[in-house]
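In this note's numbering, the protein residues as written are 137 to 382.
In what follows, a single structure is set out as structure tokens and then discussed.
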């Protein structure tokens with residue numbers, strides 16, 4: 137398969153590329169703002185330098201999707217957290233541009249990295265299944281954007297029913313190589329990561345429950361969805377979830 141991966145050099149993207157590279161039948165195309173250096177960190181594959189926030193890069197995005205059997209859309213932004221306009225332009229605007237490219241080039245399968253953050257609020261911590269509404273949490277910028285991206289997928293399924301749409305909804309995705317990045321994204325900007333080692337106690341809400349999954353397991357799930365061309369939504373989490381006590 138020819139598989140186009142946006143955000144291919146990121147946390148999940150790097151794990152997916154490692155997993156897909158085991159099978160030399162696949163032709164991989166990485167869509168990133170800055171292609172990685174040819175230092176052996178990634179297997180030999182095609183890279184396209186594309187900014188998903190820039191309409192001027194639309195022709196390049198469509199060219200990258202030409203002849204693709206599937207597009208895996210992983211690209212998302214977390215910083216700068218005080219610039220919602222920029223993050224929305226990447227998360228929601230970037231998803232819209234990918235959807236347009238998929239339709240324009242007749243790509244039969246779109247796999248989108250959504251999140252449990254897209255789900256509407258509930259009154260307890262009991263797990264939900266994939267049928268729970270994805271209206272997002274109004275007070276969370278990340279949640280609002282993930283919910284807005286899901287609405288674009290709803291429209292795609294109505295307007296282009298020939299495209300198989302798969303929605304992956306993980307919690308926090310971790311791997312050792314991404315530890316420092318997760319630390320930066322997971323803490324408020326007012327608490328520098330370097331301060332953590334000096335804190336005897338990190339105050340957390342005792343009710344904290346976080347669904348966590350390893351990047352390699354997410355990559356495996358993505359490959360299963362790609363190979364079976366499975367439509368629908370899929371929650372990705374490992375049991376048990378992480379709590380404040382952990």
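Idealized CB from N, CA, C, for every residue including glycine.
Which same chain residues end up closer than 6 Å to residue i when comparing Cβ atoms and leaving out the 5 residues on each side of it in sequence?
i	result
residue 243	201, 204 and 207
residue 231	285 and 288
residue 165	140, 182 and 200
residue 169	187
residue 163	138
residue 145	168 and 172
How would you label residue i, buried or exposed, when you count the other beta carbons within 10 angstroms and need 16 or more for buried?
i	result
residue 187	buried
residue 264	exposed
residue 142	buried
residue 158	exposed
residue 412	With the chain running from 137 to 382 in the structure shown, residue 412 is simply not present.
residue 227	buried
residue 414	The shown model of the chain, from 137 to 382, leaves out residue 414, and the question about it has no answer.
residue 245	buried
residue 369	buried
residue 270	buried
residue 383	This structure cannot settle anything about residue 383, because the visible part of the chain is limited to 137 through 382.
Who are the Cβ neighbours of residue i in its own chain at under 8 Å, not counting the five residues just before and after it?
i	result
residue 225	189
residue 350	309, 310, 311 and 374
residue 268	255, 256 and 258
residue 326	Low confidence applies here, because residue 326 scores a pLDDT of 37, under 50, leaving its location unreliable; read the following figure in that light. Nothing listed; no residue qualifies.
With DSSP as the reference, label residue i as helix, strand or coil.
i	result
residue 376	strand
residue 272	coil
residue 184	strand
residue 210	coil
residue 347	strand
residue 143	coil
residue 279	helix
residue 364	helix
residue 243	coil
residue 150	helix
residue 195	helix
residue 169	coil
residue 253	helix
residue 305	strand
residue 358	helix
residue 229	helix
When the Cα of residue i is compared with those of the options, which residue comes out closest?
i	options	result
residue 223	282, 179, 371 and 239	282
residue 221	280, 237, 258 and 273	280
residue 276	253, 259 and 268	253
residue 251	366, 144 and 148	148
residue 299	247, 260, 267 and 218	247
residue 347	371, 367 and 356	371
residue 447	294, 257 and 180	Here the chain comprises residues numbered 137 to 382, so residue 447 is not present and cannot be evaluated.
residue 215	278, 366 and 294	278
residue 255	237, 177 and 274	274
residue 112	174, 154 and 194	What is shown of the chain runs 137 to 382, which leaves residue 112 out entirely.
residue 154	291, 261 and 356	356
Report the CB separation of residue i from residue j in whole angstroms; it is logged as a contact under 8 Å.
i	j	result
residue 114	residue 211	The displayed coordinates of the chain run from 137 to 382. Any statement about residue 114 would go beyond what the structure contains.
residue 304	residue 358	7 Å
residue 196	residue 184	6 Å
Please return the same chain residues whose Cβ sits closer than 7 Å to the Cβ of residue i, not counting the five positions on each side in sequence.
i	result
residue 240	198
residue 238	201, 207, 246 and 299
residue 366	302
residue 360	none
Under 7 Å, Cβ to Cβ, is there at least one residue of chain B near residue i?
i	result
residue 239	The chain inventory of the structure shown lacks chain B, comprising one protein chain alone.
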